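Shown next, in the form of structure tokens:
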């Protein structure tokens, strides 16, 4: 490749030749390279069996199963190049990723609000927490609580919080802490 760009055949590239080389070479798609290494039979999809064959030490079957749960957007037990690239680039197209975030958020809220540690939130617990963060009165909080409490038993379970995470966040005016970044 370099010889083809050496126009004056001096076996060295001058600046113009080097710039031409850089501008005309094919960009390296690392996601595609990794995908092709894992896709053992070259059919354009990664199966759980292929992933198991490609695993490094320390990655067990459970981890591979969890990776498939996150990356296999359409749930067909195969990872396409598009699904792989999207996951590698951190795109938020996967509903499983959002569900995982909702679950994480729900557990954060449960930990912060559940004063008696019974793993469910009462109207009073939600009111006490919300009172510190918002100017809503108790009537407004009770009404909003009723919309989130899908089984109308007077308590919010972790599943109800996961299903209505945006509503509970708005009700108690909760803001997640920023991610911790290593410097």
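Residue numbers (full-length UniProt numbering): 1 to 183. Backbone N, C-alpha and C fix where the C-beta goes; we use that ideal spot for every residue, glycine too. Keep in mind that this is a model prediction, so the values were computed, not measured.
Asked                                                                                                            : Found
Cβ neighbours of residue 133 in the same chain (closer than 8 Å, five flanking residues each side left out)      : 172, 173 and 174
Residue 67 versus residue 54: straight-line alpha-carbon distance, rounded                                       : 13 Å
Residues sharing a beta bridge with residue 79, DSSP                                                             : 46
The region 121–135 / the region 151–168 touching (three or more Cβ pairs under 8 Å)                              : yes
Cβ distance (whole Å) where residue 127 is taken to contact residue 135 below 8 Å                                : Contact doesn't hold; Cβ gap of about 13 Å is too wide.
Cβ-Cβ distance between residue 102 and residue 150 below 9 Å                                                     : no
Counted within 10 angstroms of its Cβ, other Cβ atoms place residue 46 as buried (16 or more) or exposed         : buried
Buried versus exposed, by CB contacts within 10 Å (16 or more), residue 19                                       : exposed
Same chain, Cβ closer than 8 Å to residue 78, neighbours up to 5 away in sequence not counted                    : 45, 46, 47 and 72
Collapsed DSSP secondary structure at residue 117 in the structure displayed                                     : coil
Endpoints, the alpha helix (DSSP H) within which residue 131 is located                                          : 123–133
Residue 92, buried or exposed, once every other Cβ within 10 Å from all chains shown has been counted against 16 : Any reading at residue 92 must be qualified, since the residue scores a pLDDT of 48, below 50, and its modelled position is unreliable; the value itself is stated next. Exposed, since its Cβ has fewer than 16 Cβ neighbours within 10 Å.
Local conformation of residue 155 per DSSP, three classes                                                        : strand
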